[in-house]
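Protein chains: 2
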Amino acid sequence: MSLIVQKFGGSSVADATKLRRVAGIITDTYKAGNNVIVVVSAQGDTTDDLIEKAKEINPNPSKREMDMLLSTGEQISASLLAMTIENMGFPVISLTGWQCGVHTDSNYSASRIKKVKAERLNAELDKKRIVIVTGFQGINKYDDITTLGRGGSDTSAVALAAACHADLCEIYTDVDGVYTTDPRIVPEAKKLDEITFDEMLELASLGANVLHNRSVEMAKKYNVNLCVRSSITPNVEGTVVKEVVKMETMVVRGVAKDNDVARISLCNIEDTPGKAFRIFSLLAKHNINVDIILQSIGREGTKDISFTTSEGNLQQVLDICEANKEIIGYGDISYNTNVSKVSIVGAGMVSNAGVAAKMFEALYDANINIHMIGTSEIKVSVLIDQGMENKAVKAIHDKFELGN
Amino acid sequence: MSLIVQKFGGSSVADATKLRRVAGIITDTYKAGNNVIVVVSAQGDTTDDLIEKAKEINPNPSKREMDMLLSTGEQISASLLAMTIENMGFPVISLTGWQCGVHTDSNYSASRIKKVKAERLNAELDKKRIVIVTGFQGINKYDDITTLGRGGSDTSAVALAAACHADLCEIYTDVDGVYTTDPRIVPEAKKLDEITFDEMLELASLGANVLHNRSVEMAKKYNVNLCVRSSITPNVEGTVVKEVVKMETMVVRGVAKDNDVARISLCNIEDTPGKAFRIFSLLAKHNINVDIILQSIGREGTKDISFTTSEGNLQQVLDICEANKEIIGYGDISYNTNVSKVSIVGAGMVSNAGVAAKMFEALYDANINIHMIGTSEIKVSVLIDQGMENKAVKAIHDKFELGN
Numbered sequence: 005m006s007l008i009v010q011k012f013g014g015s016s017v018a019d020a021t022k023l024r025r026v027a028g029i030i031t032d033t034y035k036a037g038n039n040v041i042v043v044v045s046a047q048g049d050t051t052d053d054l055i056e057k058a059k060e061i062n063p064n065p066s067k068r069e070m071d072m073l074l075s076t077g078e079q080i081s082a083s084l085l086a087m088t089i090e091n092m093g094f095p096v097i098s099l100t101g102w103q104c105g106v107h108t109d110s111n112y113s114a115s116r117i118k119k120v121k122a123e124r125l126n127a128e129l130d131k132k133r134i135v136i137v138t139g140f141q142g143i144n145k146y147d148d149i150t151t152l153g154r155g156g157s158d159t160s161a162v163a164l165a166a167a168c169h170a171d172l173c174e175i176y177t178d179v180d181g182v183y184t185t186d187p188r189i190v191p192e193a194k195k196l197d198e199i200t201f202d203e204m205l206e207l208a209s210l211g212a213n214v215l216h217n218r219s220v221e222m223a224k225k226y227n228v229n230l231c232v233r234s235s236i237t238p239n240v241e242g243t244v245v246k247e248v249v250k251m252e253t254m255v256v257r258g259v260a261k262d263n264d265v266a267r268i269s270l271c272n273i274e275d276t277p278g279k280a281f282r283i284f285s286l287l288a289k290h291n292i293n294v295d296i297i298l299q300s301i302g303r304e305g306t307k308d309i310s311f312t313t314s315e316g317n318l319q320q321v322l323d324i325c326e327a328n329k330e331i332i333g334y335g336d337i338s339y340n341t342n343v344s345k346v347s348i349v350g351a352g353m354v355s356n357a358g359v360a361a362k363m364f365e366a367l368y369d370a371n372i373n374i375h376m377i378g379t380s381e382i383k384v385s386v387l388i389d390q391g392m393e394n395k396a397v398k399a400i401h402d403k404f405e406l407g408n
Numbered sequence: 005m006s007l008i009v010q011k012f013g014g015s016s017v018a019d020a021t022k023l024r025r026v027a028g029i030i031t032d033t034y035k036a037g038n039n040v041i042v043v044v045s046a047q048g049d050t051t052d053d054l055i056e057k058a059k060e061i062n063p064n065p066s067k068r069e070m071d072m073l074l075s076t077g078e079q080i081s082a083s084l085l086a087m088t089i090e091n092m093g094f095p096v097i098s099l100t101g102w103q104c105g106v107h108t109d110s111n112y113s114a115s116r117i118k119k120v121k122a123e124r125l126n127a128e129l130d131k132k133r134i135v136i137v138t139g140f141q142g143i144n145k146y147d148d149i150t151t152l153g154r155g156g157s158d159t160s161a162v163a164l165a166a167a168c169h170a171d172l173c174e175i176y177t178d179v180d181g182v183y184t185t186d187p188r189i190v191p192e193a194k195k196l197d198e199i200t201f202d203e204m205l206e207l208a209s210l211g212a213n214v215l216h217n218r219s220v221e222m223a224k225k226y227n228v229n230l231c232v233r234s235s236i237t238p239n240v241e242g243t244v245v246k247e248v249v250k251m252e253t254m255v256v257r258g259v260a261k262d263n264d265v266a267r268i269s270l271c272n273i274e275d276t277p278g279k280a281f282r283i284f285s286l287l288a289k290h291n292i293n294v295d296i297i298l299q300s301i302g303r304e305g306t307k308d309i310s311f312t313t314s315e316g317n318l319q320q321v322l323d324i325c326e327a328n329k330e331i332i333g334y335g336d337i338s339y340n341t342n343v344s345k346v347s348i349v350g351a352g353m354v355s356n357a358g359v360a361a362k363m364f365e366a367l368y369d370a371n372i373n374i375h376m377i378g379t380s381e382i383k384v385s386v387l388i389d390q391g392m393e394n395k396a397v398k399a400i401h402d403k404f405e406l407g408n
């Protein structure tokens, strides 16, 4: 007998028909003799609808109250899913984040899970119940409800899998696995049977939209067996994410794009040590993740620092820079949201010379201009004009022959 | 400095405009130097919408999961109201039933409050925050969410007022107080400045729809200063509900009607002792409240027992009777939902001969047939054909000259 954690996203539980399909997958797993913990997101557009309601009365509500509001979305879908399973005659119970002991820090709207106290969960599993858990949320030391931020349900699922020593954590999405690139853009895109945690991490953070990257980090840390598969075609084997995958000739594993990018440039910064540190520690203090960072020589002994972040952070970044203009000591600030990021990812890349060059060649052949370049051990990202990203993805995918 | 508990129903917080109006009442009270605890119901039709969603996937969901589902309604309105008050620049926090220590029994969907652990509430009040609490809900000993049943937010408000020793508990509704009868039916209906707990109890349980009767019981028990007033015209003095009101000549205080009535008759019951006990203890075991009870002589040494309950209980009552037909030992069962109950209420009634007779005379004059009669120390109820209830209320109201 195994313990399996299954996570279903908002589109998989959007209405009664979809709830019944999902309940079928769950009860099949249960009937096969497994213990099952299910993590659900809010139905369809619930979260967006709640955000809209809030903005109507307060353009800038506190994050504490937003979490109070948004956490209801998962509570609704969890109880509805439990009722669906009840109706099929199986023992089931729904639990909120606080009921199943998901303890987080107090960074409302983007909390991190600190620990999972699994007593209640284990007690319910001992009663042979299917346990439905609200994803995306937990409780902090003040007994206040917190949320993990968008996509946090993946993280919830992995955290519960780690805490309960689950044999497998299945993330059900509307795609049947991880592809070499988005099949809607490049029809020849190939599904990967396996991928490493590190590769998945880069793909997730690069906008592949399959797995929330914090969930992959956590799965890597606690060595959770993770698998991505489709709730529409549950019989199709998905993609297994694990520490080491079998040797393959493929160096580049996938091509990803991300349109949710803003480029910010601080120009004419005095060329003294500690400037970059000052900027990015200020941003880190406000929990703003930056991605590609580029430093270049400016005019007359000054330097320019450019970096990218998600568009949602733009205004806050501008405000922070403005408020600390004296401390940072820059001349001008400029930004551009009309850009896209395209990236290649692959664990084999680090030991293969010429991979980046091959990518740049593909873009050159396609007549696409590169604004910024960022690299890590297993990825190369470029910033290009928005509108060119699909052409770029296709050109790179072809160049590396990933469809074969 | 006083502590005031204010309760706002679902229609008072139904949209952004209404939330702002309610927030105005709350912050005016706060600005006047009071501590304020606010209890809210779910917005408008939220609860009905959620019930519909549940029924779509499971015609008979467990009450435990229904409570999990329905409790989200108040959590949404509480957080939205908090955001509205935040936007006006006042310190505020929203709390769920479990966060503010409302402990109940485990009778899901109709739980009773056992105690309120007010530590968190008091701590927030000490911080000079306006505290918004989700009405209608609590937590049981298993850490599961429970609801108090329809109208339970009134009870929540009174319970919090009692636990925190509030100076006043204001129930805001869409009427500006308690009237001698429904002003929509009888335009001459008069607003009462004061009413006793007992009179209010009878009016509430008789369908006056102003205050949930459990809240009145609790207010009476803990001697909570209770007052009913309008959220639309907050400047109009409402009706104060208290233990003793000043002597008045008016014997009959109000006329109420209730269309949510089903009459059930068990016929040809063997005429031996203990039959009535058996029936009503069975129903009590299933938490079914019955109202008027009538026993009459049947054919050939048998008897008939008739009683009324709310229409929602009808099917369950029929099922229980059917399942225990042998034990109860009745011949036939019949029922009628096409009836209405009309009642007069007044603490002075018990010591005034002829009040009931005067009521029956009013109905006779109006040519309305009486099916059943029930009386208590301070009320007289009659069961009549549905459709005649407004005519009956008007006739009785006129007869007792309550509009003067």
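Protein chains in written order, with my numbering: chain A, 5 to 408; chain B, 5 to 408.
Each residue gets a CB set at the ideal place from its N, CA and C atoms; glycine is no exception.
Extent of the continuous beta strand (DSSP E) to which residue i belongs
{"i": "Val321 of chain B", "result": "Note, Val321 of chain B: premise wrong, no beta strand (DSSP E); alpha helix (DSSP H) at Leu318 to Ala327."}
{"i": "His401 of chain B", "result": "Run containing His401 of chain B: none in the beta strand (DSSP E); it sits in the alpha helix (DSSP H), Glu393 to Lys403."}
{"i": "Arg267 of chain B", "result": "Ala266 to Glu274"}
{"i": "Ser347 of chain A", "result": "Asp336 to Val349"}
{"i": "Ile8 of chain B", "result": "Leu7 to Phe12"}
{"i": "Gln79 of chain B", "result": "No beta strand (DSSP E) contains Gln79 of chain B, which is instead part of the alpha helix (DSSP H) from Lys67 to Asn91."}
Within-9 angstroms CB hit, residue i to chain A
{"i": "Leu129 of chain B", "result": "no"}
{"i": "Arg24 of chain B", "result": "yes"}
{"i": "Ile61 of chain B", "result": "yes"}
{"i": "Ile134 of chain B", "result": "no"}
{"i": "Lys145 of chain B", "result": "no"}
{"i": "Leu84 of chain B", "result": "yes"}
{"i": "Ser98 of chain B", "result": "yes"}
{"i": "Leu298 of chain B", "result": "no"}
Straight-line gap, residue i to residue j (C-alpha atoms, nearest Å)
{"i": "Asn328 of chain A", "j": "Leu298 of chain A", "result": "20 angstroms"}
{"i": "Ala399 of chain A", "j": "Glu393 of chain A", "result": "10 angstroms"}
{"i": "Gln319 of chain A", "j": "Val26 of chain A", "result": "39 angstroms"}
{"i": "Ile309 of chain A", "j": "Thr108 of chain B", "result": "59 angstroms"}
{"i": "Ser385 of chain A", "j": "Ile41 of chain B", "result": "53 angstroms"}
{"i": "Ile348 of chain B", "j": "Asn373 of chain B", "result": "17 angstroms"}
{"i": "Thr21 of chain B", "j": "Asp32 of chain A", "result": "48 angstroms"}
{"i": "Asp130 of chain A", "j": "Glu326 of chain A", "result": "56 angstroms"}
{"i": "Val162 of chain B", "j": "Cys104 of chain B", "result": "14 angstroms"}
{"i": "Ser269 of chain A", "j": "Leu286 of chain A", "result": "15 angstroms"}
{"i": "Met70 of chain A", "j": "Ala58 of chain A", "result": "8 angstroms"}
{"i": "Ala351 of chain B", "j": "Leu210 of chain B", "result": "15 angstroms"}
{"i": "Gly378 of chain A", "j": "Asp158 of chain A", "result": "27 angstroms"}
Integer Cβ distance of residue i from residue j, believed to fall under 8 angstroms
{"i": "Thr151 of chain B", "j": "Ser98 of chain B", "result": "With a Cβ gap of about 17 angstroms, Thr151 of chain B and Ser98 of chain B do not count as contacting."}
{"i": "Asp202 of chain B", "j": "Ala193 of chain B", "result": "Actually they are not in contact, since the Cβ atoms of Asp202 of chain B and Ala193 of chain B sit about 21 angstroms apart, beyond 8 angstroms."}
{"i": "Lys345 of chain A", "j": "Thr312 of chain A", "result": "7 angstroms"}
{"i": "Thr51 of chain A", "j": "Gly101 of chain A", "result": "The pair is not a contact, with the Cβ atoms about 15 angstroms apart (cut-off 8 angstroms)."}
{"i": "Lys246 of chain B", "j": "Glu198 of chain B", "result": "6 angstroms"}
{"i": "Asn38 of chain A", "j": "Leu85 of chain A", "result": "Wrong, their Cβ atoms sit about 17 angstroms apart, outside the cutoff."}
{"i": "Asp389 of chain B", "j": "Val343 of chain B", "result": "7 angstroms"}
{"i": "Ser234 of chain A", "j": "Val179 of chain A", "result": "6 angstroms"}
Contact with chain B by residue i, beta-carbon distance below 9 angstroms
{"i": "Pro191 of chain A", "result": "no"}
{"i": "Arg68 of chain A", "result": "yes"}
{"i": "Lys119 of chain A", "result": "no"}
{"i": "Leu152 of chain A", "result": "no"}
{"i": "Thr76 of chain A", "result": "yes"}
{"i": "Asp148 of chain A", "result": "yes"}
Residue interval of the alpha helix (DSSP H) (run including residue i)
{"i": "Thr21 of chain B", "result": "Ala20 to Lys35"}
{"i": "Met376 of chain A", "result": "Taken as a continuous stretch (DSSP letters only), Met376 of chain A belongs to no alpha helix (DSSP H), being part of the beta strand (DSSP E) at Met376 to Ser380."}
Cut-off 6 angstroms between Cβ atoms - residues of its own chain near residue i, not counting five sequence neighbours on either side
{"i": "His375 of chain A", "result": "Leu387"}
{"i": "Val9 of chain B", "result": "Ile41, Ala161, Leu164, Ala165, Ala170 and Cys173"}
{"i": "Val265 of chain B", "result": "Thr312, Val343 and Lys345"}
Cut-off 7 angstroms between Cβ atoms - residues of its own chain near residue i, not counting five sequence neighbours on either side
{"i": "Phe94 of chain A", "result": "Thr31, Tyr34 and Ile134"}
Cβ neighbours of residue i in the same chain (closer than 8 angstroms, five flanking residues each side left out)
{"i": "Leu322 of chain B", "result": "Ile268, Ile337 and Tyr339"}
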